[in-house]
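For the sequence shown, position 62 matches number 62 in UniProt numbering, and the numbering has no gaps at all. Backbone N, C-alpha and C define an ideal beta-carbon position, used for all residues, glycine too. The model shown is predicted, which means the values in this text are computed figures rather than measured ones. Report on one structure; see the data block that follows.
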Amino acid sequence: MTQTTASPHSAPAAPTERVAVAIDLVKSYGSGDGAVTALRGVAAEFRRGQFTAIMGPSGSGKSTFLHCLAGLDTVTSGSVLIGDVDITRLSRTRLTKLRRDRLGFVFQSFNLLPMLTAEENIRLTGRLAARRADRQWFDTIVDSLGLRPRLGHRPAEMSGGQQQRVAVARALLTRPEVLFADEPTGNLDSRSGAEVLGFLRRAVDAYRQTVIMVTHDPVAASYADRVLFLADGRIVDELHAPTIDDVHARMRRMEG
Ligand SMILES: Nc1ncnc2c1ncn2[C@@H]1O[C@H](COP(=O)(O)OP(=O)(O)OP(=O)(O)O)[C@@H](O)[C@H]1O
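Now the structure itself:
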């Protein structure tokens with residue numbers, strides 16, 4: 001990783017509108033003696049053009065929080081607003097449509113379709129979604145991610161870093177209000193990880209993309225504008241303009 005302890009974010013911008021809000025989120029799995037409460041009343045706001053990393057020890061509820069925010073999992077109580085819509089009150093059909101039209105997802109495993117080329121994989125979501133995916137925006141994303149020479153390749157013919165860049169391009173094609181990323185660099189070497197994180201950072205700075213990312217990696221978290229720290233299903237700390245050293249120190253304190 002070429003990055004030093006300097007933090008890559010620019011000067012704090014004026015507050016922008018809230019694009020996602022979690023209100024008193026509680027999530028339990030199972031019932032009776034076997035019940036596990038993964039979230040115990042989590043509240044947070046996410047603003048337009050803000051890059052948030054979610055960190056915490058294993059089992060602290062990071063993925064559960066991301067999945068509840070993104071409408072990929074139901075909540076036990078509490079609400080999640082995307083814009084003005086409480087997605088915990090939507091029917092399954094409306095939620096699926098909202099996720100498709102207004103949210104983007106990048107996962108640790110790239111989730112590309114193996115028989116399709118990079119270009120077909122990128123366009124698939126755009127075609128299924130609201131078709132806001134114009135040619136110019138496609139070109140901008142593909143060129144910023146350096147994917148032009150790979151467009152005709154299938155996933156098996158690409159490196160992990162290239163596959164993840166295709167997944168990021170696919171997620172951004174519909175100009176989502178929020179891009180959710182769950183350990184997006186977990187399967188990448190540090191150089192490919194830095195490329196993906198650098199692009200997410202540029203998408204935030206240049207296009208005011210909102211990004212919410214779960215990560216274990218303090219280097220990845222240092223690309224964000226702020227870090228929310230979860231422990232035992234609660235937000236216990238928050239760090240703004242994080243450096244790698246700051247994040248390490250907080251994690252050591254939490255785990256110690
Ligand atoms: N589908 C499920 N059924 C039952 N318990 C679950 C389920 N998913 C998560 N849990 C439990 O909820 C708690 C939080 O899990 P979660 O995966 O959100 O944590 P995490 O912080 O993302 O962990 P990790 O860093 O290890 O991925 C854990 O105790 C976990 O075992």
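Counting only runs of 3+ residues fully inside the stretch 12 to 68, write out the beta strand (DSSP E) ranges in chain order.
With a minimum length of 3 residues, the continuous beta strand (DSSP E) runs that stay inside the stretch 12 to 68 are 18 to 29, 36 to 47, 51 to 55.
Closer than 7 Å: is that where the CB of residue 29 sits relative to any heavy atom of ligand 1?
Under cutoff, so the answer is yes.
If residue 70 sits next to residue 124, beta carbons under 8 Å apart, how far is it from one beta carbon to the other, in whole angstroms?
19 Å between Cβ atoms; not a contact.
Kindly identify the DSSP beta-bridge partner or partners of residue 226.
The partner list for residue 226 (beta bridge, DSSP) reads 52, 240.
Could you check whether the Cβ of residue 243 sits closer than 8 Å to any Cβ belonging to chain C?
No chain C appears in the structure shown, which is made up of a single protein chain.
Leaving out five residues before and five after residue 43 in sequence, what residues of the same chain have Cβ atoms less than 7 Å from its Cβ?
So the list reads 22, 23, 24, once near-sequence residues are dropped.
Decide if residue 223 is buried, meaning its Cβ has at least 16 other Cβ atoms within 10 Å, or exposed.
Answer is buried; the Cβ neighbour count reaches 16.
Considering just the uninterrupted stretch of the alpha helix (DSSP H) at residue 142, what are its terminal residues?
Taken as a continuous stretch (DSSP letters only), the alpha helix (DSSP H) holding residue 142 covers 135 to 144.
If you measure from the CB of residue 60, is any heavy atom of ligand 1 nearer than 7 Å?
Because some heavy atom of ligand 1 lies under 7 Å away, the Cβ of residue 60 counts as near it: yes.
Check whether the Cβ of residue 36 sits closer than 7 Å to any heavy atom of ligand 1, and report yes or no.
Residue 36 Cβ: within cutoff of ligand 1.
Would you mind reading off the limits of the alpha helix (DSSP H) that contains residue 181?
Taken as a continuous stretch (DSSP letters only), residue 181 belongs to no alpha helix (DSSP H), being part of the beta strand (DSSP E) at 178 to 182.
Is any non-hydrogen atom of ligand 1 found closer than 7 Å to the C-beta of residue 210, if you look at the structure I gave you?
No.
Which stretch, first to last residue, makes up the beta strand (DSSP E) that contains residue 198?
Segment 190 to 207 is the alpha helix (DSSP H) holding residue 198; no beta strand (DSSP E) there.
Would you mind sorting residue 184 into buried or exposed? The rule is 16 or more other CB atoms within 10 Å of its CB.
Answer is buried; the Cβ neighbour count reaches 16.
Of all the options 163, 154, 34, which has the alpha carbon lying nearest to the alpha carbon of residue 145?
Ranking 163, 154, 34 by Cα distance to residue 145 puts 163 first.
Tell me whether residue 71 counts as near ligand 1, meaning its Cβ is closer than 7 Å to at least one heavy atom of that ligand.
Checking every heavy atom of ligand 1 against the Cβ of residue 71, none is found closer than 7 Å.
Count the CB pairs spanning the stretch 199 to 219 and the stretch 165 to 179 that are closer than 8 Å, and state whether there are at least three.
As far as the Cβ criterion goes, the stretch 199 to 219 touches the stretch 165 to 179, which means the pair count is three or higher.
What residue range does the beta strand (DSSP E) around residue 81 cover?
Per DSSP, residue 81 belongs to the beta strand (DSSP E) from 77 to 82.
Could you tell me if the beta carbon of residue 77 falls within a distance shorter than 7 Å of some heavy atom in ligand 1?
No, the Cβ of residue 77 stays beyond 7 Å of every heavy atom of ligand 1.
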